[in-house]
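See structure below.
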Amino acid sequence: MKQEAIGNLIREAGQKMRRARPSEENIHQKEGLANFCTDYDTEIQRFLIRGLSEILPGAAFFGEEDTEGNAGADADGEYTFYIDPIDGTTNFMFDYHHSCVSVGLAHRDKMIAGFVYNPYTDEMYVGIRGKGSYLNGRRLIMKNKPVEQGIVEFGCARYNEAGIDWLFRVVKEMFQNSLSIRCGGSAALGLCRAASGSNTVYLELKLQPYDYAAASVILEEAGGKITQIDGSPITFHEGCSVIGGTPAAWQESREAFSKLKEVE
Ligand code: IPD
51 MKQEAIGNLI
61 REAGQKMRRA
71 RPSEENIHQK
81 EGLANFCTDY
91 DTEIQRFLIR
101 GLSEILPGAA
111 FFGEEDTEGN
121 AGADADGEYT
131 FYIDPIDGTT
141 NFMFDYHHSC
151 VSVGLAHRDK
161 MIAGFVYNPY
171 TDEMYVGIRG
181 KGSYLNGRRL
191 IMKNKPVEQG
201 IVEFGCARYN
211 EAGIDWLFRV
221 VKEMFQNSLS
231 IRCGGSAALG
241 LCRAASGSNT
251 VYLELKLQPY
261 DYAAASVILE
271 EAGGKITQID
281 GSPITFHEGC
291 SVIGGTPAAW
301 QESREAFSKL
311 KEVE
């Protein structure tokens, strides 16, 4: 795989994000409540599709934004790139400096590589199936920490509030069982932070494949576990719920979701 060329391209895309100055004129509303796309999301996705097509001719693309070359859920190639040009768009709009470029690469139905780059901290997470995960070149090997020994992160979005009371019951339980709780605003970074040990686990009730494709390889190759909340495999043709973290925290989160489902 052309790992170095892909990594360099993603770094360049990240620098475009870091230099960008989002303003009202270049922010657009998408379907649903508080769902946004900036001109930078589309520009960076176009840049990535052009560059990745040169690196891996014939590859298909499942990206978040509606741009030329993006086949979305219909992407059907031997190789498919899953692209979130700016994961953490709301953070980006408000200068939170916690957003990333996320690119996963699948061979047929198997996710084989993931690249997640945070240009504000210059942190590049890379996971290659069978070869491990790395943060800026340092191998990530996860300690199997339970929830009580660390930080739990969760995500939620105004445009997707189904199950929100259930999620917040779980979050309250996690808060009371852990050292602290976070909602960082970028699922890809939340999952990568579980891979690198900053979070024990990341939880969200509904994400799209481009949000977790890259981070799923990074997390698994670091020794973590990622599934839907009922324990079934995450899906790459359509979105799903996600629990990703250390095996111990993953198990505790699953139990909390199932225990608190019916409670009012
Ligand atoms: C969003 C972020 C956020 C998560 C949302 C995602 P976007 O992705 O990952 O943390 O809670 O569900 O949609 O829209 O910023 O690429």
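Each residue of the sequence shown is one higher than the one before, starting from 51 at the first, in this note's numbering.
The C-beta atom is built at its ideal place from N, Cα and C for all residues, glycine as well.
Contact check, residue 294 vs residue 252, beta carbons under 8 Å: A contact, by the Cβ cut-off of 8 Å.
Within 7 Å: the Cβ of residue 136 and any heavy atom of the ligand IPD? yes
Using 10 angstroms around the beta-carbon of residue 72, count the other beta-carbons present and answer buried if the total reaches 16, otherwise exposed. buried
For the alpha helix (DSSP H) that contains residue 325, what are its first and last residues? A question about residue 325 goes unanswered here, because the residues of the chain that appear run from 51 up to 314.
Would you identify the three-state DSSP class for residue 189, choosing helix, strand or coil? The answer is strand: DSSP assigns residue 189 an E or B state.
Given this structure, state the Cα-to-Cα distance separating residue 156 from residue 254, to the nearest angstrom. 22 Å
Quick one: is residue 233 buried, meaning 16 or more other Cβ sit within 10 Å of its Cβ, or exposed? With fewer than 16 other Cβ atoms within 10 Å, it is exposed.
Rounded to whole angstroms, how far is the Cβ of residue 94 from the Cβ of residue 67, which I believe are closer than 8 Å? 6 Å
Quick check on residue 58: buried or exposed, where buried means 16 or more other Cβ atoms within 10 Å of its Cβ? exposed
Buried or exposed: where does residue 81 fall if 16 or more other Cβ atoms within 10 Å of its Cβ makes it buried? exposed
Report the option in 185, 208, 309 whose CA atom is closest to the CA atom of residue 173. 185
With DSSP as the reference, please indicate the residues paired to residue 131 in a beta bridge. Residue 131 is bridged to 111, 155.
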